């Protein structure tokens, strides 16, 4: 199981790694890619992995994720974003717990044996983080969180 979450369409090394990993994966293994409901690369992945019979692309049910709200909050000033997030904190906590439980039950029912969450940086999205913890609750031994880059201290030059 590959778990991926992205809100905006930006150049993404994670999508490239995911696409190339699925392309080169042995046909004998079934790969499931679980995405957030508004993942920008959904159509890209469908197009690029069209001939791969062993790749299944799925989206988390939209009621478990607040992608649209998070994306629209980026348009507002920081103070308003913080106020809205604090106000919605109880709903967010309940939503996170429901996502966690849904993921662990889904993984167990679908007999997932490895969970891979590939982040382009820290901190990862809710789906990526909860995917790893839900895998533990589901009894999956193979859980991997890959972080592709680390922040560079502004005073350092490359």
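Residue numbers (my numbering): 11 to 168. Using N, Cα and C, we set each Cβ at its ideal position, and we do this for glycine too. These numbers were taken from a predicted model, which means no experiment stands behind them.
Item: What does DSSP give as the partner residue(s) for residue 125 in the beta ladder?; Value: 153
Item: Per DSSP, what are the beta-bridge partners of residue 26 in this structure?; Value: Answer is none; residue 26 lacks a bridge partner.
Item: Buried or exposed: which applies to residue 154, given that a residue is buried once 16 or more other Cβ atoms fall within 10 Å of its Cβ?; Value: exposed
Item: Using CA coordinates, which residue listed in 116, 103, 58 and 150 is at the minimum distance from residue 34?; Value: 58
Item: Beta carbon of residue 128, beta carbon of residue 25: below 7 Å?; Value: no
Item: For residue 151, count neighbouring Cβ atoms within 10 angstroms of its own Cβ and tell me buried if that reaches 16, exposed if not.; Value: exposed
Item: Out of 17, 44, 72 and 51, which has the shortest C-alpha to C-alpha gap to residue 65?; Value: 44
Item: For my contact list, residue 142 and residue 156 are in at a C-beta cut-off of 8 Å; report their separation, rounded to the angstrom.; Value: The Cβ separation is near 11 Å, so there is no contact.
Item: If you draw a straight line from the C-alpha of residue 83 to the C-alpha of residue 42, how long is it?; Value: 30 Å
Item: Can you find the residues in the same chain that come closer than 8 Å, C-beta to C-beta, to residue 54, ignoring five residues on each side of it along the sequence?; Value: 25 and 29
Item: Kindly give me the distance between the Cβ atoms of residue 5 and residue 74, rounded to whole angstroms, as I take these residues to be in contact under 8 Å.; Value: No statement about residue 5 is possible, as the shown extent of the chain runs from 11 to 168 and does not include it.
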